[in-house]
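Let me begin by presenting the structure, written as structure tokens, before commenting on it.
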Amino acid sequence: MALSHLAASASRSSSLLKPLSSGLSLRRSISGDNSPLTVETSVPFTSHQCEAPSRSVETNPKELLTFFRDMALMRRMEIAADSLYKAKLIRGFCHLYDGQEAVAVGMEAAITKKDCIITAYRDHCTFVSRGGTLLEVFAELMGRQAGCSKGKGGSMHFYKKDSNFYGGHGIVGAQVPLGCGLAFAQKYSKDETVTFALYGDGAANQGQLFEALNISALWDLPAILVCENNHYGMGTAEWRAAKSPAYYKRGDYVPGLKVDGMDALAVKQACKFAKEHALKNGPIILEMDTYRYHGHSMSDPGSTYRTRDEISGVRQERDPIERIRKLILSHDLATEKELKDVEKEVRKEVDDAIAQAKESPMPEPSELFTNVYAKGLGVESFGADRKEVRATLP
Amino acid sequence: MAAIFQGVGAAAALSSSPSNSFDSKKFVSSPLRKGASFAVVRSDGRVNLNPKGRRAQQLISNAVATKSDSAAASSSSKPGHELLLFEALQEGLEEEMERDLRVCVMGEDVGHYGGSYKVTKGLAKKFGDLRVLDTPIAENSFSGMGIGAAMTGLRPVVEGMNMGFLLLAFNQISNNCGMLHYTSGGQFTIPIVIRGPGGVGRQLGAEHSQRLESYFQSIPGIQMVACSTPYNAKGLMKAAIRSENPVILFEHVLLYNLKERIPDEDYICNLEEAEMVRPGEHVTILTYSRMRYHVMQAAKTLVNKGYDPEVIDIRSLKPFDLYTIGNSVKKTHRVLIVEECMRTGGIGASLIAAITENFNDYLDAPIMCLSSQDVPTPYAGTLEEVTVVQPAQIVTAVEQLCQ
């Protein structure tokens, strides 16, 4: 990278502000280099039936700056979605992920696009971290053709097959058996990849989760169940819903790890550890201790079951973006102004995407009937006037 | 007045006339090899009078004991081979598993036990534990797992030990299986087959005698087929596995021991096509699964009384084969539906709506529908027999319809 030799130096990087003399890159945004950096996670990991990984995480400036940028993008995207919803451009259900960005970003840093991720309905940011574009997100939220599901899915049904993102599911807990099915397919095809099946603290009480966990443990499937514990299942606090809110221990015979979900580096370390474990020993549960600033969805103010002090307290002390910002500044990887520039840039990107998405048309009426069935093997819904039937086998 | 059908011990072996043969002309253009493409062309409703071909052999209505009648069944000079319906299903499954390595089977006791109805017997030994998977008793999750595996391209065959148990998996089947192709904008196909025995058996009790086709029929995105003979059982099983869409294959507990001679060569049955069992002129009788045999038994009586019923096994429960049905209605102008579903919200109810919408002008009389009573199936044998439609009721209904 053009800027690498500048960023690597521990000395003042004010020269980054001037346009580059080498002229290799005209990007205003900063990018770091790959020189290793070791950071300690905020809290140690707590483990159940396994050895916890070390608190020291290997990273590098480039990765940290990428984390910052990606999380700022996601935060901006979710807030923009909030405004769009209030402007009635987004209808129905809209579940926002702000506050939880570190989970999506940290997980992605530990795995490849060949590993599968499946999550529930709070899927906008996970979709983006898997490679989805902002245009696809906003267009789908507004029900336009340019959306990732052609406007027919909506907020809760984002999918990206080519990067193995399996969605996007509305029914609480139903994605966990699907996720174990993905892990089964990976084992069947001997892919040496893993599946991360994400669910919330509310879904942790679903029976099908334990059924799927039992089967995964029996058949040694490379399934990693990740509980994104934001402490509230819609309006019900975790201690009111679960007799044992130690979700990482609920697997009983399945090992578990409790992770600070607001620390992207801790998430990265845990996911790396989990991937190695799952490939060798079968399923493992990760509990991400995280928090959402918005309510459960846009129709929930989020303040009837928790105090504003609690929300602002978490925002001040544990916000994932602030943590990375402090890290970057303390290691002199970029100036405050540069980081603010990144945020401005990101905001512009989001605004551009929204403008572009608004241009995209609504789906054609004929799209109502497409993709109900897959064509092939003579599968057409016949009317009363078909003359002949021909079925050609593949 | 309802004559109680003496089930056990009174094997009413049906002999079928040549015109009972399958209507569809099915031919194979090349011997079976990977990548071969075959054409299954259905004729326009005429009978296939191929004398060397597949005549419907002695069809037994009582599936508890296999009593095959004398002559035709034991002749070894005819082509093809004779087997029972569950063996036909097993053959279809085995051939598809050999042909495509992505096909796997999941279900309770399908592996080492061999399947509770022996449909998967021997497959675990042959294909191993990763392709024939014994699951714990967790229908919701193993159906979900099958669907998740199908999203990546595997082709699982999920067995419900009894269709009634799949009610526990209704969420997965409705929301994920049926809808994922649509909500993902076409990104994922779900080539899964969900199969199992259902229907009213021999005093199995209310919970084990359910007919789930009526509950599943509204789910958009799935296909439903019901097999009734060894021939179409094997054909539908193979077609269902090869289809890119989720298919629910309904078998019937009492039909597993039907014996028939089926061709040696590879064949499939079209998933959306109905089967012409007996062409006729006076009345169209639409039926499927076990009721086909009650109808054929009633047909014997009707023929003796001078009626000429046209019997169609609709096979495809979703979508309906309105082409075959329509042509038949245009010919006979009278329709009787005989089904094992309950009266309320059953397949017959949907069929009546579909026929009335499309062919109302061709009807000389209102459509009659004989279905099971809207009650939980009782345990007592006499009560259970009255719950389902009996041949005598079918005869009465036809007589009423043809006045």
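Protein chains in written order, with our numbering: chain A, 16 to 409; chain B, 25 to 427.
Backbone N, C-alpha and C fix where the C-beta goes; we use that ideal spot for every residue, glycine too.
Here the structure is a predicted model, which is why all the values come from computation and not from measurement.
Checking 7 Å against the spacing of the C-beta atoms, do residue i and residue j come in under that value?
| i | j | result |
| --- | --- | --- |
| residue 322 of chain B | residue 418 of chain B | yes |
| residue 183 of chain A | residue 212 of chain A | no |
| residue 92 of chain A | residue 365 of chain A | yes |
| residue 130 of chain B | residue 151 of chain B | no |
| residue 396 of chain B | residue 411 of chain B | yes |
| residue 375 of chain B | residue 361 of chain B | yes |
| residue 260 of chain B | residue 249 of chain B | yes |
| residue 121 of chain A | residue 279 of chain A | yes |
| residue 202 of chain B | residue 244 of chain B | yes |
Between the alpha carbons of residue i and residue j, how many angstroms are there, rounded?
| i | j | result |
| --- | --- | --- |
| residue 246 of chain A | residue 191 of chain A | 19 Å |
| residue 106 of chain B | residue 187 of chain A | 49 Å |
| residue 179 of chain B | residue 402 of chain B | 38 Å |
| residue 86 of chain B | residue 303 of chain B | With a pLDDT of 39 at residue 86 of chain B, under the threshold of 50, the modelled position of this residue cannot be trusted; read the value that follows with caution. Looking at the two C-alpha atoms, the distance is approximately 24 Å. |
| residue 229 of chain B | residue 366 of chain B | 16 Å |
| residue 196 of chain A | residue 357 of chain A | 40 Å |
| residue 342 of chain A | residue 140 of chain A | 22 Å |
| residue 278 of chain B | residue 227 of chain B | 11 Å |
| residue 223 of chain B | residue 275 of chain B | 8 Å |
| residue 331 of chain A | residue 308 of chain A | 12 Å |
| residue 189 of chain B | residue 140 of chain B | 14 Å |
| residue 75 of chain B | residue 102 of chain B | The predicted position of residue 75 of chain B is uncertain, since its pLDDT is 39 and thus under 50; no value can be drawn from it. |
| residue 101 of chain A | residue 287 of chain A | 39 Å |
| residue 248 of chain A | residue 110 of chain A | 12 Å |
| residue 20 of chain A | residue 363 of chain A | Because the pLDDT at residue 20 of chain A is just 46, under 50, the model does not fix this residue reliably, and the value given afterwards should be weighed accordingly. Straight-line Cα distance between these residues: approximately 28 Å. |
| residue 138 of chain A | residue 316 of chain A | 20 Å |
| residue 82 of chain B | residue 131 of chain A | The predicted position of residue 82 of chain B is uncertain, since its pLDDT is 37 and thus under 50; a value taken from the coordinates is nonetheless stated next. Between residue 82 of chain B and residue 131 of chain A, the C-alpha separation is close to 53 Å. |
| residue 200 of chain B | residue 383 of chain A | 18 Å |
| residue 216 of chain B | residue 324 of chain A | 50 Å |
| residue 283 of chain A | residue 346 of chain A | 19 Å |
| residue 138 of chain B | residue 273 of chain A | 42 Å |
| residue 277 of chain A | residue 204 of chain A | 35 Å |
| residue 357 of chain B | residue 182 of chain B | 40 Å |
| residue 329 of chain B | residue 422 of chain B | 11 Å |
| residue 258 of chain B | residue 295 of chain B | 12 Å |
| residue 66 of chain A | residue 244 of chain A | 21 Å |
| residue 110 of chain B | residue 251 of chain B | 11 Å |
| residue 399 of chain B | residue 254 of chain B | 30 Å |
| residue 38 of chain A | residue 354 of chain A | Its pLDDT being 40, under 50, residue 38 of chain A is placed unreliably in this model, and the value from its coordinates should be taken loosely. Spanning the two alpha carbons is a distance of roughly 22 Å. |
| residue 301 of chain B | residue 142 of chain B | 27 Å |
| residue 339 of chain A | residue 333 of chain A | 11 Å |
| residue 58 of chain A | residue 234 of chain B | 55 Å |
Out of the options, state which residue places its alpha-carbon closest to the alpha-carbon of residue i.
| i | options | result |
| --- | --- | --- |
| residue 145 of chain A | A/389, A/377, A/178 and A/333 | A/178 |
| residue 308 of chain B | B/370, B/368, B/209 and B/393 | B/393 |
| residue 291 of chain A | A/278, A/237, A/250 and A/264 | A/237 |
| residue 349 of chain A | A/56, A/81 and A/282 | A/81 |
| residue 212 of chain B | B/171, B/359, B/390 and B/181 | B/171 |
| residue 316 of chain B | B/265, B/262, B/329 and B/333 | B/333 |
| residue 205 of chain B | B/238, B/246 and B/225 | B/246 |
| residue 302 of chain A | A/239, A/199 and A/225 | A/239 |
| residue 133 of chain A | A/166, A/335, A/320 and A/185 | A/185 |
| residue 381 of chain A | A/117, A/165 and A/275 | A/165 |
| residue 389 of chain A | B/197, B/266, B/427 and B/337 | B/266 |
| residue 148 of chain A | A/377, A/376, A/385 and A/369 | A/369 |
| residue 187 of chain B | B/238, B/154 and B/175 | B/238 |
| residue 181 of chain A | B/194, B/208, B/193 and B/203 | B/208 |
| residue 311 of chain B | B/297, B/169, B/416 and B/337 | B/337 |
| residue 231 of chain A | A/285, A/218 and A/210 | A/210 |
| residue 135 of chain B | B/147, B/424, B/391 and B/425 | B/147 |
| residue 386 of chain A | B/168, B/214 and B/194 | B/214 |
| residue 242 of chain B | B/363, B/352, B/343 and B/390 | B/343 |
For the ligand NAP, I want to know if residue i counts as a neighbour, meaning its beta carbon is within less than 6 Å of at least one of the ligand's heavy atoms.
| i | result |
| --- | --- |
| residue 247 of chain B | The ligand NAP is not part of the structure shown, which contains no ligands of any sort. |
- Query: Along the chain, which unbroken stretches of the beta strand (DSSP E) at least 3 residues long are found entirely within the stretch 121-186 of chain A?
  - Reply: Fully enclosed beta strand (DSSP E) runs of 3 or longer: 131-133.
- Task: With a floor of 4 residues, list each alpha helix (DSSP H) that falls wholly inside the stretch 259-337 of chain B, ordered by position along the chain.
- Result: 315-328
- Task: Check whether the stretch 282-299 of chain B touches the stretch 366-383 of chain B, taking contact to mean three or more Cβ pairs, one atom from each stretch, closer than 8 Å.
- Result: no
- Message: Three Cβ pairs or more, each shorter than 8 Å: is that satisfied between the stretch 288-304 of chain A and the stretch 74-85 of chain A?
- Response: no
- Item | Runs of alpha helix (DSSP H) lying entirely within the stretch 197-276 of chain A, each at least 4 residues, in chain order | 222-234 and 253-256
- Message: To test your reading of the DSSP string, which unbroken beta strand (DSSP E) runs of 3 or more residues are found completely within the stretch 117-179 of chain B?
- Response: Listed in chain order, the beta strand (DSSP E) elements of length 3 or more contained wholly in the stretch 117-179 of chain B are 127-131 and 156-158.
- Query: What residue ranges within the stretch 354-427 of chain B form continuous beta strand (DSSP E) runs of no fewer than 3 residues, ordered along the chain?
  - Reply: 359-366 and 392-396
- Task: Please list the segments of the alpha helix (DSSP H) lying wholly inside the stretch 57-129 of chain A, counting only runs of 4 or more residues, in order along the chain.
- Result: 76-101 and 116-125
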